[in-house]
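K.L.:
This is the structure, below, for whatever I ask next.
In the UniProt record's numbering, the protein residues as written are 1 to 719.
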């Protein structure tokens with residue numbers, strides 16, 4: 001970003017290399033440039049303007065003028081048309097002060113448009129297009145109009161070049177160049193290039209982006225412009241022999257048609273100027289023998305013979321044809337050979353497309369936008385799995401309640417500002433299940449939009465992720481949804497998707513991930529564990545391909561809590577545990593325990609009381625991750641928990657009522673390389689306490705460890 005002292009955001013002074021690069025990128029009229037003074041506030045337009053202070057001067061953009069511009073001493077405006085009516089660049093001028101800059105830049109990126117965005121002097125945007133070879137202004141205009149339509153901009157949006165040609169008498173319109181160093185006391189916003197994420201780029205980043213965005217002749221045709229010819233500037237001239245003659249005849253014929261169309265639409269007050277411009281440019285083509293003198297005169301006469309003062313027009317035409325013929329047109333660029341396609345084509349014969357890249361240095365750092373820290377991240381996918389009858393849907397409904405009503409999260413942290421939720425559910429009835437559950441969880445039903453299906457051809461089809469993602473994204477934007485909840489995802493994968501095939505699954509979930517990033521909505525997706533999941537890793541408890549949990553950034557797993565009975569067997573406690581199986585974005589938050597309760601939420605039309613289940617959370621966290629708890633419940637956990645194993649070695653079972661002095665525990669802990677925190681967690685897990693015993697004030701007084709419920713003095717159970 002350019003500062004008032006002429007340095008960019010990295011503190012580097014813009015030097016001769018940058019000036020030379022900018023002069024090449026923004027080639028144009030070499031006999032005029034524009035500048036302006038202090039901007040003026042226009043209340044009716046609601047912005048700063050320069051119209052009253054703008055001037056066009058008879059001097060082309062020099063290196064010194066560019067340096068003054070970059071140093072913030074004097075703004076520089078460049079006319080994008082050369083004297084031959086050609087352009088090296090063009091721009092769409094989005095002159096809207098409160099434009100959604102990031103949204104527009106994102107749209108340019110998503111549509112893969114050949115534009116380099118830049119903030120404008122009034123706070124809008126300039127969307128620059130750069131060309132590898134100069135192109136007729138009419139075709140640059142057409143291409144930019146086509147692109148503006150794709151961006152859904154106003155049909156009256158300004159594009160540069162504004163004119164189709166310039167002359168000594170009629171200079172074209174200029175546009176202020178980016179990276180002007182001064183801000184006129186803060187009245188102008190800094191005119192800087194923006195990267196794909198809508199953030200400012202330093203000058204060298206803008207130059208690199210502009211070079212990479214330059215359109216080749218073949219690329220330019222794909223923008224939607226009409227048939228065209230490309231002309232090399234003097235610094236790129238090369239003798240082309242017969243090839244130049246052949247392409248020159250085609251170019252000459254097109255220019256006859258172009259100038260005939262321009263003349264036909266000329267208003268009366270400008271006709272003489274247009275005849276002079278048309279005759280001069282066609283004369284240059286006559287000078288190369290790409291059209292004959294008779295062909296040029298006949299084309300011009302066909303138009304102006306119907307005007308008054310024909311004799312005067314004849315004189316102007318002959319004089320300018322002679323002048324143009326004395327300055328023959330530049331050589332045409334030879335037809336470039338097609339690029340060899342070295343990429344593997346797809347099985348259906350279609351092109352695999354082109355790789356898109358971004359420099360990591362151009363990607364800004366952003367803080368994570370958490371709905372619930374460590375659990376639900378906006379712009380990302382969370383996945384929730386668990387066995388049947390463990391309350392997955394009720395847990396998700398509790399999250400919906402927190403989002404819609406701003407209620408505290410299960411761990412007691414404050415809830416977010418109330419937001420909207422989109423719910424896609426296949427397994428529960430809306431009337432007697434989903435609606436009552438939302439009220440039982442104290443959510444706001446008015447903020448929950450339920451997707452019932454997709455209307456097609458006077459019928460309602462089931463929503464699927466393979467065909468209807470566009471409608472889902474539209475709905476998210478329309479509702480400004482903070483959370484999208486899907487229960488379960490396997491119901492919406494589409495009939496042709498194999499949920500056990502990683503490629504199939506990624507083909508559905510990757511676009512869903514992109515939608516999450518574009519809309520900044522958090523996605524909470526419920527799935528089920530596969531059959532015979534016992535003894536596996538936590539990540540194996542997500543049904544189907546591993547791609548399900550791989551695409552998700554956070555994976556929650558619900559387990560039944562267990563404890564050992566008197567016989568040492570694991571039995572259910574009646575509580576469930578919300579554990580973390582995967583978290584790529586945050587340290588693992590504590591495991592939370594809950595039970596399911598029921599509450600009356602109202603009455604139906606017949607006076608019947610309606611009840612619904614809801615989740616009751618225990619504020620006290622449970623020690624252990626999903627993997628640790630699974631190993632513990634499978635009988636493999638204690639032997640893998642060295643701190644628990646040490647305490648069992650020292651104290652035996654609770655029935656033994658042993659005690660051991662704290663100094664012995666410390667020596668044993670250090671010998672096995674265990675930390676105090678590990679021992680603290682093991683004490684909590686086994687119910688071990690520390691008590692001071694012995695005569696106070698004597699050498700025999702000490703701390704001892706023992707099981708809760710045992711008397712450390714007598715070694716007997718306390719009844």
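Backbone N, C-alpha and C fix where the C-beta goes; we use that ideal spot for every residue, glycine too.
Between the region 379-396 and the region 508-519, do at least 3 Cβ pairs fall closer than 8 angstroms?
P.N.:
Touching, per the Cβ criterion.
K.L.:
Can you pull the DSSP bridge partners for residue 522?
P.N.:
483
K.L.:
Could you give the first and the last residue of the continuous beta strand (DSSP E) run that contains residue 702?
P.N.:
702-707
K.L.:
Report the three-state DSSP secondary structure of residue 229 (helix, strand or coil).
P.N.:
Unreliable positioning characterises residue 229 in this predicted model, as indicated by a pLDDT of 36, which lies under 50. The coordinate reading is nonetheless provided below. Three-state result, residue 229: coil.
K.L.:
If I follow the unbroken alpha helix (DSSP H) through residue 394, where does it start and stop?
P.N.:
Note, residue 394: alpha helix (DSSP H), 392-405.
K.L.:
Identify whether residue 337 lies in helix, strand or coil by the three-state DSSP scheme.
P.N.:
For residue 337, the predicted structure reports a pLDDT of 41, less than 50, and the residue's modelled location is therefore unreliable. A value from the coordinates is still provided. The three-state reading of DSSP puts residue 337 in coil, since its state is none of H, G, I, E or B.
K.L.:
According to DSSP, is residue 554 helix, strand or coil?
P.N.:
Correct three-state label for residue 554: strand.
K.L.:
Determine the direct distance from the alpha carbon of residue 92 to that of residue 146, and round the result to whole angstroms.
P.N.:
11 angstroms
K.L.:
DSSP puts residue 603 in a beta bridge; with which residues?
P.N.:
609
K.L.:
Could you tell me the distance, in whole angstroms, from the CA atom of residue 442 to the CA atom of residue 494?
P.N.:
33 angstroms
K.L.:
If you reduce the DSSP assignment to three classes, tell me which class residue 113 lands in.
P.N.:
It is coil, neither helix nor strand.
K.L.:
Specify, as a first and last residue, the run of the beta strand (DSSP E) that residue 692 falls within.
P.N.:
688-693
K.L.:
Out of 450, 221, 528, 175, state which residue places its alpha-carbon closest to the alpha-carbon of residue 781.
P.N.:
Past the edges of the chain, shown from 1 to 719, lies residue 781, and the structure says nothing about it.
K.L.:
Rounded to whole angstroms, what's the CA-CA distance from residue 362 to residue 216? Just pull it up for me.
P.N.:
The alpha-carbon of residue 362 is positioned some 24 angstroms away from that of residue 216.
K.L.:
So, helix, strand or coil for residue 685, using DSSP?
P.N.:
Looking at residue 685 - three-state DSSP - the assignment turns out to be helix.
K.L.:
If the criterion is Cβ atoms closer than 9 angstroms, does the pair residue 472 and residue 403 meet it?
P.N.:
Going by C-beta atoms, residue 472 is not nearer than 9 angstroms to residue 403.
K.L.:
Thinking C-alpha only, which one of 80, 370, 428 is nearest residue 417?
P.N.:
Closest option to residue 417, judged by alpha-carbon separation, among 80, 370, 428: 370.
K.L.:
Quick one, are the C-beta atoms of residue 674 and residue 629 less than 9 angstroms apart?
P.N.:
At a Cβ-Cβ threshold of 9 angstroms, residue 674 and residue 629 do not count as neighbours.
K.L.:
Hey, could you find the ends of the beta strand (DSSP E) residue 459 is sitting in?
P.N.:
459-461
K.L.:
When you compare only the Cα positions, how much space is there between residue 392 and residue 614?
P.N.:
CA-CA distance, residue 392 to residue 614, rounds to 11 angstroms.
K.L.:
Tell me whether residue 365 is buried or exposed, calling it buried when 16 or more other Cβ atoms sit within 10 Å of its Cβ.
P.N.:
exposed
K.L.:
May I ask you to list the residues that DSSP assigns as paired with residue 147?
P.N.:
Answer is none; residue 147 lacks a bridge partner.
K.L.:
With a threshold of 8 angstroms, are at least 3 pairs of Cβ atoms found where one atom belongs to the region 575-582 and the other to the region 550-567?
P.N.:
yes
K.L.:
Using a Cβ-Cβ cutoff of less than 6 angstroms, which residues in the same chain neighbour residue 176 once the five nearest sequence positions on both sides are dropped?
P.N.:
75, 77, 121
K.L.:
Going by DSSP in three states, residue 37 sits in which element: helix, strand or coil?
P.N.:
Note: residue 37 maps to coil in three-state DSSP.
K.L.:
Alpha carbon to alpha carbon, how far is residue 116 from residue 209? Give it in angstroms, no decimals.
P.N.:
Going by the C-alpha atoms only, they are around 7 angstroms apart.
K.L.:
What do you reckon, are the CB atoms on residue 491 and residue 427 nearer than 9 angstroms?
P.N.:
yes
K.L.:
Count the other CB atoms, across all protein chains shown, that sit within 10 Å of the CB of residue 164; report buried if there are 16 or more and exposed otherwise.
P.N.:
buried
K.L.:
Anyone know if the C-beta pair for residue 720 and residue 672 falls short of 9 angstroms?
P.N.:
No statement about residue 720 is possible, as the shown extent of the chain runs from 1 to 719 and does not include it.
K.L.:
Return the CA-CA distance between residue 225 and residue 84, expressed in angstroms with no decimal places.
P.N.:
Its pLDDT being 43, under 50, residue 225 is placed unreliably in this model, and the value from its coordinates should be taken loosely. As the crow flies, the alpha-carbon of residue 225 is around 19 angstroms from that of residue 84.
K.L.:
Would you mind giving the Cβ-Cβ distance between residue 59 and residue 207, rounded to the nearest angstrom? I have them listed as a contact below 8 angstroms.
P.N.:
With a Cβ gap of about 24 angstroms, residue 59 and residue 207 do not count as contacting.
K.L.:
Report the option in 656, 654, 623 whose CA atom is closest to the CA atom of residue 641.
P.N.:
623
K.L.:
Candidates 465, 693, 703: which alpha carbon is nearest residue 664's?
P.N.:
703
K.L.:
In three-state DSSP terms, what is residue 152?
P.N.:
coil
K.L.:
Please name the residue, chosen from 31, 688, 459, 466, that lies closest to residue 654 on a Cα-to-Cα basis.
P.N.:
688
K.L.:
Under the rule that 16 or more other beta-carbon atoms within 10 Å means buried, what is residue 594, buried or exposed?
P.N.:
buried
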